[in-house]
Amino acid sequence: FLVAFWFLEFCYAIVAHNRLIVASPCLVFLFTDVSSAIALPIFVQCALVVATLFVLDDSLTVLLLILVLLLLLLLLLLLLLLLLLLLLLLLLLLLLLLLLLLLLLLLLLRDYYYYYYYYYYYYYYYYYYYYYYYYYYYYYYYYYYYYFFFFLLFLMLFFLFLLIFILLLFLLLVLLFLFLFFLLLLLLLVFLLLFLFFL
């Protein structure tokens with residue numbers, strides 16, 4: 102709302118053709134009289150802006166335009182907040198995806214080296230423990246399906262997170278499009294307001 106008040110001060114300076122009223126920090130470099138800018142508080146200037154708008158010929162239209170302008174500014178702030186929250190959610194989801202891939206990679210590497218080690222171990226004792234080898238073969242065959250189940254589970258979770266990530270990215274693009282659309286509408290309203298002030 103301070104930004105909106107600064108914009109109203111700028112409009113008042115255009116209407117009144119007076120450089121002594123503008124006290125906005127972002128607009129003070131555009132005008133010459135810095136001492137009067139420091140002397141006048143912001144709420145006094147806002148009162149001057151409202152008083153100036155009431156004495157215009159089409160003050161009701163101007164006030165309605167300013168109300169719409171403030172609502173658009175508030176909507177832009179809300180959209181920007183939603184964009185930031187969605188970006189944070191996308192970052193968290195991306196971190197979860199990376200963590201899931203890392204866990205899956207560690208699981209696969211651990212199983213690979215585990216069976217690789219025991220393969221040579223039981224190959225070495227093959228002639229001495231023939232029956233035990235056959236028993237352990239089925240034992241590890243059972244665990245093969247056990248880890249395969251976890252592999253499928255990790256794979257399903259990965260694709261689920263990937264789908265959620267794509268949907269959130271699509272939602273982010275939609276919100277970004279809405280943000281740009283309302284920003285363009287806000288600029289058009291500002292130009293209309295300035296045109297009305299010049300009239």
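Going by our numbering, the first residue of the sequence shown is number 102, and it counts up by one from there. Every residue, glycine too, gets a C-beta built ideally from N, C-alpha and C.
| Item | Value |
| --- | --- |
| Please classify L274: is it buried, with 16 or more other beta-carbons within 10 angstroms of its beta-carbon, or exposed? | exposed |
| Within the chosen definition, does the stretch 290-299 reach the stretch 179-190 through at least 3 CB pairs nearer than 8 Å? | no |
| Do L276 and L183 have their C-beta atoms within less than 7 Å of each other? | yes |
| Using only alpha-carbon positions, find the residue among F252, L193 and L192 that is nearest to L204. | F252 |
| Short of 8 Å in beta carbon distance, which residues of its chain neighbour F262, apart from the five on each side in sequence? Order them along the chain. | L194, L197, L198 and L201 |
| With distance defined between alpha-carbon atoms, name the residue in L177, L279 and L270 nearest to L192. | L270 |
| Closest by CA to L206, which one among L175, F255, L176 and L178? | F255 |
| Out of F299, L288 and F280, which one is the CA nearest neighbour of L179? | F280 |
| Whose C-beta lies closer than 8 Å to the C-beta of L258 among residues of the same chain, with five residues either side of it excluded? | L201 |
| Alpha carbon to alpha carbon, what distance is there between F278 and L264? | 21 Å |
| Starting from the Cα of L181, find the closest Cα among F299, L288 and L284 and give me that residue. | L284 |
| If I measure Cβ to Cβ from L272 and keep anything under 8 Å in the same chain, skipping five residues before and after, which residues do I get? | L187 |
| How close, in whole Å, do the beta carbons of L287 and L175 come, if the pair is a contact with beta carbons under 8 Å? | Rounded, the Cβ-Cβ distance is 11 Å, inconsistent with contact. |
| Short of 6 Å in beta carbon distance, which residues of its chain neighbour F266, apart from the five on each side in sequence? Order them along the chain. | L194 |
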